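Here is the structure we will look at.
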Amino acid sequence: MNADRVTAAILADLLSARHSGVVVDSPPGAGKSTLVVRAAAEIAATGEPVMIVAQTNEQVDDLVVRLSARFGADLPDAVIGRLSRAGFGAPQRIGGLTNVAVSADAAELAHATVTIATAAKWAHVRDRHWRWAIVDEAYQMRSDALLGLASRFDRALFVGDPGQLDPFSTVDSDRWRGLAWDPMQSAVAVLLRNNPHLPVHRLPVSWRLPASAEGVVSRAFYPFTGFRSGAAAHERELRFTAPATAGRTDAALDEAARSGWALLELPARHTIRTDAEAVAAVAALTRRLVERRALARSGGDARPVTPDRIAVGAAHRDQVAALRAALGDVPVDVDTANRLQGREYDVTVFLHPLSGRRDATAFHLEAGRLCVLASRHRQACVVVARAGIRDLLDEHPSTEPVHLNEPVRFPDGWAAHQTMLAHLEEHRVRSTGP
Amino acid sequence: MTAVVSFARVRAVKTGRAQPIATVRHVHLSPRPLVLVPLALAGEANAPLAAMVGTHPDDDRLLVVPQPRNRDLRFTFVADLADAVLPYVHSYCYDIEHVRGRDRFTGAPQVLVPNAAGVRFLALLGRSTRFRRTDGDYPVAPNVPLLGRWLTFLAERAETPGSAALLALTDALALHWASGQSPVEDQNLAAVLGWIDPPEGLSGADAARAAEDPSVWPPAGPTTDPGFDADVLVPAIRAYDRAVETAGPVAQRRARTAIEEVLRGQLEPTWRLMWRGLDLLRALPPGASVADRWAADRAAFTGFREHVVGGGPPQGRRDGAVASARRLNRLERQLDEYEAARAFDDPLVLAAHRVTGAAFAGTVVTVDRDRRVENANGTPVNRPLVTVATADPVHLGPGTEVVAVSRRNQTGTVQCVGSIVDKTHVTLELRGGMGRARVPPPGTVPDVGERLCYTSVLAGNVPAPPLPDTERTPWTHGGPPVPYEPPTEDGT
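Sequence order for the protein chains is A and B. Residue numbering for the first sequence follows the numbering used here, beginning at 3 and increasing consecutively. Residue numbering for the second sequence follows the numbering used here, beginning at 7 and increasing consecutively.
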């Protein structure tokens, strides 16, 4: 189905006010933010104020920048209110925008056409009510967070990526399993269980992912709905301006440039989480990626892959800290899967969540984690892993119990890992170690 | 499993004895706990079979259900159990202390069961009895639903991180010792105690292997040994059934006594193990925050007692949308507090955080004591800088808040982390604990050469987000709940 027709149908559904909520599922990079900005503009054009809920401050600021540009062009009088916690220093990219007001107090933003904040901040706003709300990254939001702010609005558009990480809790309890309002579930899961008749739309085209990623990402993480890449195979190209030297690091980068994927496989070994060799391998890949001054072509437009267009990902925070230390002064984004959600880069390098592990826990098997790491790139994705993950998977099939009355989560993390790994093995470069 | 626990497990295998993973006791232990060893009938959902209960090793009380499939006998058993448990609970309802304008009992009941399955069994028993009616067609004794409510209270407390109101002994032991077996095997009380305190001349592994023989160490319940079920229990119950059908009261009593004797044989070894495990735990000195956590248990006990006495309804069958969100937020906060407090109490717990880079110990190398910066209002405030050199792997980013174990009233914010030769240098900006003077008084800022251990595992101080009232549950979560209408006929 045509992407424009889907967007038109979503907006028609929303503005018809026939439903209290409209849900939009979006694969990675399918124009979610564009949809949010457009919906906000269309609601604002009717003269009604709208509240926007995002999950992290980065997401809020990204949206503020885009809203500011869109509203500056279409509705010059409209003010975008950025509600923040007290003591929040607005980042530079927001500071200069004339149609944006930043405040910690909702009352000071009463005149704003669009008011935007994180869910955590919205939970503390009292005594204000909006007819319209847009909830961005709604699959990342835990349902108890939605409970806290749902009485602030009448109707809402919920936008999110069902393939990404589920919200989580440090508490391990089966107490609420199967309840329609299980607070451990995502906001959308609870919303749809309590309101099964709400319309659910799907954005069909990923504008971010290259053609080389379409097949495997869609097969592994969106097995029933699927999506297609907006770019044909010849429209994206990654090229290095500096020559390769002999060695596995450059061989892996060349493979990634050629095919869009590379797996740099280290010798099998059980390691601690901050596996020094794997960290060094990720760092070396990233440094070479910067040194070799890649050029990324998208359609007719070629740009250098500067460090800010590169992301390095890992599953755990201590791994991220170790990677940051190893990368020192290379100004690339290094973060956990949780915090890379919703971000976009030209090239990503990540440490496989199961690398060097002796067991595969539910955390490490979670499909969403792998999906985030494997779907941030416009050009290529390089994975570093210890050998032996296939065997590890075979020894640890998912053993999570199935609970009565609880919708089964798809895709299954174990199956997604197998699919992904089978694909990566076709792009494997074996490292002999340091 | 933390690196410290993994390492201790390897050492346990190597040395043949469980290794300590705590230097202090992290659970409160009552001087007079109620030890309760329940047994259930195999193949029936939560059908009680027997229980051994008491507050002293020499004063055990054995309760049995001679025919566990007979519901009347089951409820007689529950009433007997209530006779044993409720006086114990009520014995703590006399001494009151006044704390911050509220009354709190100075003591509270503490129930100990052998393992996590025992906790689940009591939770289900509470659930199946707290709604029973004392009138109508199938009345039960008045203390049956009351016991159900107290068992439910205890089981809900057991979900609370750090609570000691209802403890599984295997869990409490696993918090302090690492055995050389898997966490699943650690649910076997006899095996765990074999690892921790093997009999003379045996290694822990041998003692644990011996503990797997059900004829020597019957399972600690609630599930019984299938061999015992088939060879001993079933014939005994059949004999009882025959006596009820055909014989007089004397023969019935004899058949019942026979069942009691075989079940006593199954329960007594576990009963002795319970007290032995308790003695091992008691030998450890309590951690500094244990008393605070027990005070929270006492406050919860006081609150629930007031609820019961005030005629409040039994706990609901399930949490509503608002109640579950509220409970989840509370549990998360309590878990954070518990994790932070445990690390402050115990250098071995802290060591696990030092391994992951969430905490570090080191020596102060430089101090900028007189540093002042302007706060958000433009007022100059003391913000000294200290740099700590450590050999630990530090994985903390700038902006992370840390607190030193020996200086709890002061927060440090990580400014930068760099490595010099073989040490990592962490520079912290300090805040708090310096009074209001222009220059921080001596001793309020660490000195050069002072050895400090900073941890980033802290309880967050972000207030819980406000949630709507139950009757204002929004449409996204199913709207306000419909009040429950009890069925008019009991049991239908």
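Cβ coordinates follow ideal geometry from the N, Cα and C atoms, glycine included. Values in this document were obtained by computation on a predicted structure and should not be read as measured data.
Which of helix, strand or coil DSSP assigns to residue i
i                : result
glutamine 187/A  : coil
arginine 177/A   : coil
leucine 337/B    : helix
proline 436/A    : Only weak support is given to the placement of proline 436/A: the predicted model assigns it a pLDDT of 48, under 50, and the question is left unresolved by the model.
threonine 498/B  : Because threonine 498/B carries a pLDDT of 45, less than 50, the predicted location of this residue cannot be relied on, and the following value inherits that uncertainty. If DSSP states are grouped into helix, strand and coil, threonine 498/B belongs with coil.
glycine 283/B    : helix
histidine 104/B  : strand
asparagine 415/B : strand
proline 399/A    : coil
asparagine 4/B   : Past the edges of chain B, shown from 7 to 498, lies residue 4/B, and the structure says nothing about it.
alanine 135/A    : strand
glutamate 165/B  : helix
leucine 426/A    : helix
serine 70/A      : helix
arginine 388/A   : strand
isoleucine 82/A  : strand
tyrosine 347/A   : strand
isoleucine 274/A : coil
glutamate 218/B  : coil
leucine 172/B    : strand
glycine 23/A     : strand
Residue environment, residue i, which counts as buried when at least 16 other CB atoms sit within 10 Å
i                   : result
isoleucine 12/A     : buried
serine 188/B        : exposed
phenylalanine 226/A : exposed
valine 490/B        : Rather than valine, the amino acid found at residue 490/B in this sequence is tyrosine. So tyrosine 490/B counts as exposed.
serine 425/B        : exposed
proline 93/A        : exposed
leucine 131/B       : buried
isoleucine 54/A     : buried
serine 295/B        : buried
valine 125/B        : buried
isoleucine 102/B    : exposed
threonine 498/B     : Summary for threonine 498/B: the model assigns pLDDT 45, below 50, so the residue's position carries little reliability, and this model does not support an answer.
proline 436/A       : Low per-residue confidence applies at proline 436/A: pLDDT is 48, beneath 50, and the placement is therefore not dependable, though the value from the model is reported in the following sentence. Exposed, because fewer than 16 other Cβ atoms sit within 10 Å of the Cβ of proline 436/A.
cysteine 422/B      : exposed
proline 72/B        : buried
threonine 252/B     : exposed
In DSSP terms, what residue i is bridged to
i               : result
arginine 448/A  : Because chain A spans 3 through 436 in this model, residue 448/A falls outside it and cannot be assessed.
serine 425/B    : Thr430/B
isoleucine 12/A : Answer by DSSP bridge pairing: none, since isoleucine 12/A is not bridged.
leucine 69/B    : Ala57/B
tyrosine 460/B  : Phe366/B and Ala410/B
alanine 184/B   : Gln25/B
glutamate 435/B : Leu391/B and Thr419/B
arginine 238/A  : Ser300/A
arginine 154/A  : Bridge partners of arginine 154/A: none, in fact.
Nearest-angstrom Cβ-Cβ length linking residue i and residue j, presumed shorter than 8 Å
i                : j                : result
arginine 2/A     : isoleucine 118/A : With chain A covering only 3 through 436, there is no way to say anything about residue 2/A.
alanine 512/B    : cysteine 459/B   : As displayed, chain B neither begins before 7 nor continues past 498, which places residue 512/B out of reach and without an answer.
valine 116/A     : alanine 46/A     : 6 Å
leucine 128/B    : alanine 161/B    : 6 Å
asparagine 467/B : glycine 439/B    : That belief does not hold up - the Cβ atoms of asparagine 467/B and glycine 439/B are roughly 16 Å apart, past 8 Å.
valine 281/A     : alanine 324/A    : 5 Å
serine 171/A     : glutamate 338/B  : 6 Å
valine 387/B     : valine 400/B     : Contact flag wrong, Cβ pair sits at about 26 Å.
leucine 434/B    : valine 408/B     : 7 Å
### Task
Evaluate contact between the segment 285 to 295 of chain A and the segment 357 to 373 of chain A, counting only Cβ atoms and requiring at least three cross-stretch pairs below 8 Å.
no
### Message
If contact is defined by three or more beta carbon pairs under 8 Å, each pair taking one atom from either stretch, is the segment 340 to 358 of chain B in contact with the segment 178 to 185 of chain A?
### Response
no
### Task
Kindly confirm or deny that the segment 374 to 381 of chain A and the segment 333 to 347 of chain A touch, where touching means at least three C-beta pairs closer than 8 Å.
yes
#### Entry: Three or more C-beta pairs below 8 Å linking the segment 166 to 182 of chain B and the segment 293 to 300 of chain B
yes
### Task
Would you check if the segment 353 to 360 of chain A and the segment 263 to 272 of chain A touch, i.e. whether three or more CB-CB distances between them fall below 8 Å?
yes
### Query
Is the segment 16 to 32 of chain B in contact with the segment 201 to 211 of chain B, if contact means three or more CB pairs nearer than 8 Å?
yes
### Message
With three or more C-beta pairs closer than 8 Å as the rule, is the segment 242 to 250 of chain B touching the segment 137 to 151 of chain B?
### Response
no
### Query
Three or more beta-carbon pairs under 8 Å between the segment 201 to 220 of chain B and the segment 41 to 50 of chain B, yes or no?
no
### Query
Touch check for the segment 206 to 218 of chain A and the segment 232 to 245 of chain A: three-plus C-beta pairs under 8 Å?
yes
### Query
Does the segment 77 to 91 of chain B touch the segment 52 to 65 of chain B, meaning 3 or more C-beta pairs lie closer than 8 Å?
yes
### the segment 87 to 103 of chain A / the segment 64 to 73 of chain A touching (three or more Cβ pairs under 8 Å)
yes
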